[in-house]
Amino acid sequence: MQTGTERAPTVSHGHGAARRFFDTFRGHPTLQPPTPPGAPMPRKPARVRTSELRQWYVVLSSQASHYFRTNRFLGLLGFVVAISCLTLAFEFQVGPAVVRQVQLGKVSEYLSNFITYTGLWIILAAAFFGGDALSVDFSTGTGYYMLVLPVHRRTLLAGRYASATIATLAIVLVYFAFAILGASYFFGLGAVPWHRVGLALGLAVIYTLAAVSVAFCISAFLRSPSAGVLATILSLYVGFTTLQATVELARYEPWWSLTYAGNAMAAALDTDFVHLTSIPVGSGQYTTQWMATTGEGAAIMTGYLLVFFVLSLYLYSRKEATG
Amino acid sequence: MPSVEVAHLTKSFHRGTPALEDITFRYEGARAVGYLGPNGAGKTTTLKLLVGLLRPTSGRALLNGREATANRKEALWDVGALIETPEPYPTQSVREALETVGRIRGLSREGTHAELVRLHQELRLPRMGRRCGGLSKGQRQRVVLAAALIGDPSVLLLDEPTSGLDPAERILVRGLLTRLKKDHLILLVSHQVVDVAEICDDLIFLDRGHILLKDSVEKVSARTRSRQLDVEFLCAVPPGALSALGSDVGGVVPLSDRRYRLTFDGSDAVRGRILEGCQRLGPVGQFSNATSALEEAYLDVVVSGSAK
């Protein structure tokens, strides 16, 4: 039943038109059922068997729109922008001459030093977007909304994985933009080694995929969303970094470490790249410092990506909503 | 034809007692089935097993002849489910949350919009641009009910669909479900016996993982006699005067100086004698059952365990 204040419902075909149409609804003053009892039900809407790819895209866009509005994303983006701005402001303050001298007069050195922190941002973003991406289904009501739909869990996981990767890469791209901005200012736009920047960015993409895989696996294993976020940060950043340093002291290459592989991003920009550095510690003893080569880093990252993605897929598919 | 079937379904959690033990029932075609029982009886567990949120320890749970644990996309294709308290992403608008469901269910963009218009009218949904995180409990309940109904699936599994709704909204939803059952198969879990009595054609009483009774609402109601009467006199009658009704009345509870609740054996003969006796005491304004037949049946079957 239509009241005097309501417009007759129509179907709008354009997205903008639909948005305007729906926004005209402002509550209903009457509680009379719109269709009286006994009235025939409307014709069944036409539905087609959606492909998994199509469903994946729907999940991806829905999840991405959620991520980009969360306080986590906005907070992390704001933090990265603030740190980058402070760094550039300090460098502007000391002046181009000093900056060029500190960076040995090389734009690649400048970029490499700036990009070094990309790994940290990737781990934080992967933990924020992936650390609870699957556990929310079993600890909050999200699962009762999404897991009762006619969609395979693998499709849900793949859609969420892609959106978590996109959200993380958005942070990375902003940071890279600041690095290029600084390099252009202090060394000139023409001096920027675009092929090396592209290589570092490519490695950042693989590193992001690997870190999100690890975060998803932790999220599929744990039930608490906050524990998943914390465990991702602790294992990827604190755990790997500590173990890596210990192993290097014993003169072994930490080829199993994801954070070690992440160093390849900065190494890709460094023209004075050294794979192994021996550091004397006295009494004829020495310790080592390792830097992953581009190929080695990419291989380690790909290994993490594949192993943890498959593991998270297995765990998520088997998990029950017992809560 | 829509169908819901569970065959020798058992579910155990860890080493505890089974939440469900050897449950079997099958319903086919358009109808509404009430699934009743106290908290912890295993009602929600059954729904979770049907949609594949849980895996059975043994037995099978089928929707339209398919098991969700084997192929959830096919099994849930024509199924709408509202289980526990679903929560769309709080950052999404009502429109976005429902569009996601519609598109996953295979509706076109235009079809989804048409469904949103229909459901907006049917369920009096909040404004489509509002964020889900800012909705009241009742508004959110109507949104998640709309999510279950979008695309018009032929099987509906509804766990307390009127939970959190005000009386007017409950009437609205009851009316909608009463119309939907004409061409849908609805499995309705509810503690609201009034809702079940009005909507459902069949009943399953469940307790501690076992089916106590399975029959049509009509037969259960006919079998059950109300044992409590509410009498309202048009003038004040002192409680002592009701002793004149004799041994037919087992107990008298005064509700006011004119209203009394009487307990009796439930037979029609005694009911008639009590009415006559009351009319001798003073003019009777109202003489009715204190509880519905279904409420009595629930108390009989589940609380007293008479079906055992």
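The listed protein sequences derive, respectively, from chains A and B. So the first sequence is numbered by numbering that gives the first Met the number 0: it starts at 0 and just counts up by one. So the second sequence is numbered by numbering that gives the first Met the number 0: it starts at 0 and just counts up by one. Glycine included, every Cβ here is placed at the ideal spot set by N, Cα and C.
| Query | Result |
| --- | --- |
| With 16 other Cβ atoms within 10 Å as the buried cut-off, status of A/Gly158 | buried |
| Residues in the segment 80-106 of chain B having any Cβ partner in chain A nearer than 7 angstroms | Ala80, Ile82, Glu83, Thr84, Pro85, Glu86, Pro87, Tyr88, Thr90, Gln91, Arg94, Glu95, Thr99, Val100, Arg102, Ile103, Arg104, Gly105 and Leu106 |
| Residues bridged to B/Arg59 (per DSSP) | B/Ala6 |
| Backbone secondary structure at A/Arg250 - three-state DSSP | coil |
| Closest residue to A/Ala291 among A/Arg153, A/Tyr206 and A/Tyr56 (Cα-Cα distance) | A/Tyr206 |
| Any chain B beta carbon closer than 9 angstroms to A/Thr326 | Because chain A spans 0 through 322 in this model, residue 326 of chain A falls outside it and cannot be assessed. |
| Minimum Cβ-Cβ distance from B/Lys72 to chain D less than 9 angstroms | No chain D is part of this structure, whose protein chains are labelled A and B. |
| Bounding residues of the alpha helix (DSSP H) (the contiguous stretch that carries B/Val142) | Lys136 to Leu148 |
| Simplified DSSP assignment, three categories, for A/Phe272 | coil |
| When A/Leu110, A/Phe185 and A/Thr241 are compared against A/Gln334, the one with the closest alpha-carbon | The requested residue 334 of chain A is not part of the displayed model; chain A covers only 0 to 322. |
| Buried versus exposed call for B/Ala235 [16 or more other C-beta atoms within 10 Å across all chains shown] | exposed |
| Selection of the segment 46-58 of chain B by Cβ proximity to chain A, strictly under 7 angstroms | Lys47, Val50, Leu52, Leu53 and Arg54 |
| Nearest-angstrom Cα separation, counted from A/Tyr313 out to B/Arg141 | 34 angstroms |
| Reduced DSSP secondary structure (H/G/I, E/B, other) of B/Gly276 | helix |
| Meets three-Cβ-pair contact criterion under 8 angstroms: the segment 34-52 of chain B and the segment 173-189 of chain B | yes |
| Local conformation of B/Lys72 per DSSP, three classes | helix |
| Strand pairing of B/Thr262, partner residues [DSSP] | B/Gln227 and B/Gly250 |
| C-alpha gap between A/Leu261 and A/Arg222, whole angstroms | According to the sequence shown, residue 261 of chain A is Gly rather than Leu. Approximately 28 angstroms, taken between the alpha carbons. |
| A/Gln102 (DSSP reduced to helix, strand or coil) | coil |
| Alpha-carbon spacing of A/Trp55 relative to A/Thr154, whole angstroms | 5 angstroms |
| Between the CA atoms of B/Gly79 and A/Pro149 - distance to the nearest angstrom | 9 angstroms |
| Beta-carbon proximity list for A/Gly227, same chain, < 6 angstroms, skipping 5 on both sides | Gly130, Asp131, Ser134, Ile217, Ser218 and Leu221 |
| Contacting residues, own chain, Cβ-Cβ under 7 angstroms from A/Thr240 (five flanking each side not counted) | Thr258 |
| Classification of B/Lys310 by the beta-carbon crowding that lies within 10 angstroms, buried from 16 upward | Only positions 0 to 307 of chain B appear in the structure, and residue 310 of chain B is not among them; the question remains open. |
| Buried or exposed by the 16-neighbour rule on C-beta atoms within 10 Å, applied to A/Thr23 | Model confidence at A/Thr23 stands at a pLDDT of 39, short of 50, so the residue's coordinates are unreliable and nothing is read from them. |
| Outcome for A/Tyr251 when other beta-carbon atoms lying within 10 angstroms are tallied against a minimum of 16 | exposed |
| Residues near B/Pro85 by beta carbon distance below 6 angstroms, same chain, minus five either side | Val143 |
| Interface positions of the segment 147-158 of chain B facing chain A (Cβ-Cβ less than 7 angstroms), listed along the chain | Gly150 and Asp151 |
| Contact set between A/Ser223 and chain B, taken where Cβ atoms lie within less than 7 angstroms | The contacting residues do not exist; A/Ser223 stays about 16 angstroms from chain B at best. |
| Per-residue contacts from B/Glu331 into chain A (C-beta, under 9 angstroms) | Nothing can be reported for residue 331 of chain B, as the shown portion of chain B is limited to 0 through 307. |
| Beta carbon proximity, B/His164 to chain A, threshold 9 angstroms | Just to set this straight, residue 164 of chain B is Leu in the shown sequence, not His. Taking Cβ atoms only, chain A never reaches closer than 9 angstroms to B/Leu164, which makes this a no. |
| Same chain, Cβ closer than 6 angstroms to B/Gln138, neighbours up to 5 away in sequence not counted | Pro125 |
| Identity of the residue in A/Thr276, A/Phe89 and A/Val306 nearest A/Gly181 by Cα | A/Phe89 |
| Beta carbon proximity, B/Gly133 to chain A, threshold 9 angstroms | no |
| Integer Cβ distance of B/Gln91 from A/Ser64, believed to fall under 8 angstroms | 7 angstroms |
| Burial state of B/Thr161 (16 or more Cβ within 10 Å) | buried |
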